[in-house]
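What follows is one structure encoded as structure tokens, with my remarks underneath.
Residue numbers (the numbering used here): -8 to 105.
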């Protein structure tokens, strides 16, 4: 067989498989949405679509890094806005700046020995 015949055979097989799944899928969907109005169906479809996108995003993100580092990176900007966290960060930043100023001032005032 040449490649065009093989392609036609594959397409026909796939179409037959799709037709065999169509009736059970149709009855499943019809029974799930029986008695619902169009808005409820649309809302359900949008929620399912968004959940699918969220699932894909989380799988992709967690493949690159751990769950802890992902959640920390996601929540850190919001945690920094909390007053108690902001106060502690400001205090530590002020201490670090004081230490750096003292160290640089000492380095600038000491004579160089070459």
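Don't be surprised by glycine CBs; every beta carbon is placed ideally from N, CA and C.
Rounded to the nearest angstrom, what separates residue i and residue j at their Cα positions?
i, j, result
"residue 68", "residue 61", "13 angstroms"
"residue 10", "residue 40", "24 angstroms"
"residue 70", "residue 49", "21 angstroms"
"residue 58", "residue 45", "15 angstroms"
"residue 56", "residue 64", "11 angstroms"
"residue 77", "residue 83", "10 angstroms"
"residue 101", "residue 54", "51 angstroms"
"residue 79", "residue 73", "10 angstroms"
"residue 85", "residue 97", "18 angstroms"
"residue -5", "residue 51", "37 angstroms"
What would DSSP say about residue i, mapped onto helix, strand or coil?
i, result
"residue 97", "helix"
"residue 74", "helix"
"residue 25", "coil"
"residue 103", "coil"
Could you give the residue range of the alpha helix (DSSP H) that holds residue i?
i, result
"residue 68", "58 to 70"
"residue 34", "29 to 55"
Less than 7 angstroms between the CB of residue i and some heavy atom of the ligand NAD, yes or no?
i, result
"residue 61", "Absence of the ligand NAD is noted for the structure shown, with no ligands found whatsoever."
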